[in-house]
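I have placed the structure first, in the form of structure tokens, so that the comments after it can refer back to it.
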């Protein structure tokens, strides 16, 4: 059985359990990554890593770290399978810039009332950290772990326990914007949407 506290939230669709946490900027966030079984106890806490989503995809199984791969691009917002789509810049053809936009956005993987943060919201968190690196990310109320990334080229997991990369809802050309951090620095950057990154949801 899974024991939950009275102040735990639970997503009836996915079974995800979480509590709310207020960040340094005053925003309310989930206290763990999507797919994580607990709040991070360290930057390399594997139980806190959670899933790795391709930008704009829903929770269809592709986000699991051991999901299969396919090189066949989806032609709609719902591929209809749980494989991680590799070999290109995007999992969808043509690209769709309207995915993951807000709580009612198409394919929003967050629980009801939550959404992907914008680039500006992530950047505000980053600039509030005690240091601009992994140590600052973990010392923040969000306790962000270095949950690694999944390559768009072949679906391999890369930089385990040395890199954190978190999607925002913001798009930039064929890319989407993300927050990254490692032991030496942190910032906002752009990556192909077929990469697999962590998702941390913010309350709307």
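In this note's numbering, the protein residues as written are 325 to 528. Beta carbons are placed, not taken as given, at the ideal position from N, Cα and C, and that holds for glycine.
- In the displayed model, residue 514 falls within a strand according to three-state DSSP.
- Here residue 474 is not near residue 380, since their CB atoms are 8 Å or more apart.
- Ranking 512, 362, 431 and 373 by CA distance to the CA of residue 499 puts 512 first.
- With respect to the 8 Å criterion, residue 347 and residue 469 are not classified as neighbours on the basis of their beta carbons.
- For residue 382, no alpha helix (DSSP H) encloses it, and the DSSP letter there is neither H nor E.
- Per DSSP, residue 507 lies in no beta strand (DSSP E) segment and is marked neither H nor E.
- A check of alpha carbon separations from residue 360 across 523, 371 and 352 identifies 371 as the nearest.
- Annotation: the region 347-410 contains the following complete segments of the beta strand (DSSP E) (minimum length 3 residues), in chain order: 352-354.
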